[in-house]
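Student:
There are 2 protein chains.
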Amino acid sequence: MGESTHRQVVIDGMTHREDKIVFIGAGNMATRLALAMREAGCNVCQIYSRTIDSARQLAMRLGEHASYTNSVADITADADLYIFSLSDSALPDVIAQMKPNNALWVHTAGSMPMDVFANKCERYGVLYPMQTVNKERDIEWNEVPIFVEASNEQDTQYITSLAQRLSKRVKCSTSQQRQALHLAAVFACNFSNHMYAIAESLLQQQGLDFDVMKFLIRETERKAETISPKQGQTGPAVRNDVNVMNKHLALLGDTPEGELYRLISESIQRYKKEQ
Amino acid sequence: MGESTHRQVVIDGMTHREDKIVFIGAGNMATRLALAMREAGCNVCQIYSRTIDSARQLAMRLGEHASYTNSVADITADADLYIFSLSDSALPDVIAQMKPNNALWVHTAGSMPMDVFANKCERYGVLYPMQTVNKERDIEWNEVPIFVEASNEQDTQYITSLAQRLSKRVKCSTSQQRQALHLAAVFACNFSNHMYAIAESLLQQQGLDFDVMKFLIRETERKAETISPKQGQTGPAVRNDVNVMNKHLALLGDTPEGELYRLISESIQRYKKEQ
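Going line by line, the protein sequences match chains D and U.
So for the first sequence, the numbering used here puts the first residue at 52; every next one is plus one.
So for the second sequence, the numbering used here puts the first residue at 52; every next one is plus one.
(1) Excluding the 5 residues flanking Glu317(D) on each side, which residues of the same chain have their C-beta closer than 6 Å to its C-beta?
(2) What first and last residue would you give for the beta strand (DSSP E) that runs through Leu132(U)?
(3) Identify the contact partners of Arg188(U) in chain D, using a Cβ-Cβ distance below 9 Å as the criterion.
(4) Would you kindly report the start and end of the unbroken beta strand (DSSP E) that includes Gln97(U)?
(5) Please report the distance separating the alpha-carbon of Asn121(U) from that of Ala169(U).
(6) Using a beta-carbon distance below 7 Å, is Gly304(U) in contact with chain D?
(7) Going by C-alpha distance, which of Pro280(U), Gly161(U), Ala128(U) and Ile190(U) is nearest Glu90(U)?
(8) On a Cα-Cα basis, can you pick out the residue from Glu204(D), Val184(D), Leu300(D) and Val195(D) that is closest to Gly176(D)?
(9) Taking 7 Å as the CB-CB limit, is Pro196(U) close to chain D?
(10) Gly283(D) bridges to which residues according to DSSP?
(11) Within 10 angstroms of the Cβ of Gly161(D), are there 16 or more other Cβ atoms? Answer buried if so, exposed if not.
(12) For Ile315(U), count neighbouring C-beta atoms within 10 Å of its own C-beta (all shown protein chains included) and say buried if the count is 16 or more, exposed if not.
(13) Tell me, please, whether the stretch 278-287 of chain D touches the stretch 240-255 of chain U by the rule of three or more beta-carbon pairs shorter than 8 Å.
(14) Is it the case that the Cβ atoms of Ser136(U) and Gly92(U) are separated by a distance below 7 Å?
(15) Lys222(U) bridges to which residues according to DSSP?
(16) For Glu270(U), is the classification buried or exposed, using 16 other Cβ atoms within 10 angstroms of its Cβ as the cut-off for buried?
(17) Residues of chain U with CB closer than 8 Å to the CB of Lys265(D), please, in chain order.
(18) If I follow the unbroken beta strand (DSSP E) through Pro307(U), where does it start and stop?
(19) Return the first residue and the last residue of the beta strand (DSSP E) that Pro180(U) is part of.
(20) Excluding the 5 residues flanking Ser218(D) on each side, which residues of the same chain have their C-beta closer than 8 Å to its C-beta?
(21) Quick one: residues in its chain with C-beta nearer than 6 Å to the C-beta of Gln8(U), no 5 flanking neighbours on either side, listed in chain order?
(22) Output yes if chain U places a C-beta closer than 7 Å to the C-beta of Cys96(D); else output no.
(23) When we look at the beta-carbon of Tyr312(D) and count the other beta-carbons within 10 Å, is it buried (16 or more) or exposed?
(24) Are the CB atoms of Glu272(U) and Glu272(D) within a distance shorter than 7 Å?
(25) Quick one: is Val237(D) near chain U, going by C-beta distance under 7 Å?
(26) When you compare only the Cα positions, how much space is there between Asp129(D) and Ser105(D)?
(27) Counting only beta-carbon atoms, is Val177(D) nearer than 7 Å to chain C?
(28) Less than 7 Å separating the beta-carbons of Thr183(U) and Met80(U)?
(29) Taking the DSSP output, what are the residues bridged to Asn155(D)?
(30) Closest to Lys222(U) by CA distance: which of Arg321(U), Gln255(U), Val199(U) and Arg174(U) is it?
(31) Nearest CA to the CA of Val237(D): which residue from His116(U), Leu232(U), Val157(U) and Glu308(U)?
(32) Would you call Met111(D) buried or exposed, if buried means 16 or more other Cβ atoms sit within 10 Å of its Cβ?
(33) Can a CB atom of chain D be found closer than 7 Å to the CB of Glu115(U)?
(34) Answer with buried or exposed for Gly53(U), where buried requires no fewer than 16 other C-beta atoms within 10 angstroms of its C-beta.
(35) Who are the neighbours of Asp292(U) on chain D, taking C-beta pairs under 7 Å?
(36) Nearest by alpha-carbon distance to Glu325(U): which of Lys281(U), Val295(U) and Ala154(U) is it?
Right under this line is the structure:
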C-alpha cells in the first residue's frame, strides 16, 4: 500500500470517505460521475481508459490525487471499489482482462445484468444513474434516480450509501427491472426528444423557428407529471379525427416521417382501446 | 337590434369591448376559449352546438348574457364576430347552413385553410391557439401561442388585438404555415406524450411506477428549450450502440412497440447523418 491516495479513513454511514475508487472508463458518464463523486468528497484515485488522452483529461479534472493509465495491467490492485463505466460492448472484454481481487466491482449500465461479473470476482454490483448525459448541460445530481443492486446485502448497503452522497433518489432494483427502466427511458427521453426534432425539421421547412413550440412541449411535460400519459393523451389520433390525420399524412407524403405518423397514431388508438 | 346583449361600445385598441361574439361549437376548445374571452371582458352573447346540453352548459358557465341554441337557423344574425370552433369534419357543413352576413367569421382549427369561408362571406379569418386542451388542466392563456390570419388587413388587426387580450404570444401566419405548425405540434406534443405512455406501460409490466421517469422527462424537455433537439439527441440510436439496441428489440419482441423502436431509431440515425 503506502500510496499517497490512502488518507485517513472516516466512517460515513456505510461508505468510508477515503475508500479508494478506480474508474474504468472516461466517457461522458464516467466523467460526470467521477466529478460528482469527487465533489461529494470521494477519493477517486485512478482513471483507466483505452485512450490515454481521455484518461489523462479526466484525471487532470479530478486534481492531484488521481493517476491515469491506458493499460489494464497497470490498474491499481488495492482499491476498494472499481466502477466500470464503459459501453456495453467494451465491458465484458475489459472485465475479462482484469486481475481478480477482493474489492467491490460495479458497473453503471442500464441494460447489463449484474452477473456479467459473476465468474470473475466475489463482490459485485450495479450503480445505474438514470440520466441523459450531455456534454453541454450540467447534471443536477441530487435529483437523478440511481438504481443499485449488489451480490450481497452488505455491498447493496454500501453502494446505496455511496449513491446517496450524490442523489436523494436512490432505489434498489433487480437487473430485470433495470433493463425495463432503461428501455422505458429510451422511449420517454430519447424518443420524445426525436419527436421534438421532427417538429423542428417540419417548422424549418416553413421558415418557422422551433421556439414557437416551447410553451407547448413544457405544458405537455408538466401535464405528464400530474396525469397518467395514457389518460392525458390528446390530438387527432386519440379522438379519431380522420380528417386531420389524412391531411397530415398527405402533407408528409411517402416519407419516413409519414410512416412514423401512421404507426404512432395506430399505437395511440390501440392504447385507447385497452383502457 | 335592441337585444340586452348590446351594451355600451368602448374602443379598446382595434377591438370593441362590447362587440357581440357568437361561438359555433361547445367542445373543449370552444369552452376554454369562450371562458377565457369572457374573463378578458369580451361579450360572448350566444352559443350554438348541435347538442343542446353542451350549448346550455357552456352558456350557463358564461353567465346571464349568453343565450344558446342547437339550431343553425336560430343563430343571431347581428353579431360582430362568429367563432367556429368545430371538428374539421363538421366545420364545412355548418358553414354551408349559415346565412351570409357582413360580420367577421373565424375558425380555430390548425389544419383548416382560411378559405373554407371564401364563398360564403366577405370577411373571414383564423384564430388558432396552439395548445393541448385537456378538461383536467387549466390553460395559462397568457403564454399560449395564437396564430392569426384574415382576409383583409383591418380584420387581421382586429383578430390580433382580440387575441392579444388573451395571450402575449400572438403571431400572424399563413394557412400553409399554420398547417405545418399543427403537424409539428402533433409530433412535439401528442406523439412525445405517447412515448411517455409507452414508457409508463413498460414500467407497469415490471411493477414500476411512471413517477421514476419524471425527473428525466423534465430534464429532456428543459434541454430542448436550450439546445436544438436535433443537436441534443442522446441514447443508443444516435451513438449507434448496436448491443443496447439489440437487447431492447429482443425485450420488445414482435410487438408494435418493437416496430416503433426500430423505426424511430432508424429515423434518429438518418437525422444524425443529415447534420
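From the three backbone atoms N, C-alpha and C, an ideal C-beta is built for every residue, glycine too.
All values derive from a computational prediction rather than experimental measurement.
Tutor: Here's the rundown:
(1) none
(2) Leu132 to Phe135
(3) For Arg188(U), the residues of chain D that pass the 9 Å Cβ criterion are Glu270, Arg273, Lys274, Thr277, Ile278 and Gly283, in the order they occur in the chain.
(4) Asn94 to Tyr99
(5) 24 Å
(6) no
(7) Ile190(U)
(8) Measuring from the Cα of Gly176(D), the nearest candidate turns out to be Glu204(D).
(9) It does: the Cβ of Pro196(U) has a partner Cβ on chain D nearer than 7 Å.
(10) Partner(s): none; Gly283(D) has no beta bridge.
(11) Looking at its Cβ environment, which holds 16 or more other Cβ atoms inside 10 Å, Gly161(D) is buried.
(12) buried
(13) yes
(14) no
(15) Phe198(U)
(16) buried
(17) Ala275 and Glu276
(18) Premise fails: Pro307(U) lies in the alpha helix (DSSP H), Pro307 to Glu325, not in any beta strand (DSSP E).
(19) Start and end: Arg174 to Pro180.
(20) Pro180, Trp192, Asn193, Glu194, Val195, Pro196 and Ile197
(21) Nothing can be reported for residue 8(U): it is not among the residues displayed for chain U, which extend from 52 to 326.
(22) No, Cys96(D) lies away from the interface with chain U (no Cβ there is under 7 Å from its Cβ).
(23) buried
(24) yes
(25) yes
(26) 23 Å
(27) Included in the structure are the protein chains D and U, with no chain C among them.
(28) no
(29) Sequence inspection shows Leu at residue 155(D); the Asn mentioned does not correspond to that position. Leu155(D) pairs with Leu132(D) and Arg174(D).
(30) Val199(U)
(31) Glu308(U)
(32) exposed
(33) No Cβ of chain D is located within less than 7 Å of the beta carbon of Glu115(U).
(34) In this prediction, Gly53(U) has a pLDDT of 37, which is less than 50 and means its spatial position is unreliable; what the coordinates show is noted afterwards. Exposed is the call here.
(35) Ser138 and Asp139
(36) When only C-alpha atoms are compared, the closest one is Lys281(U).
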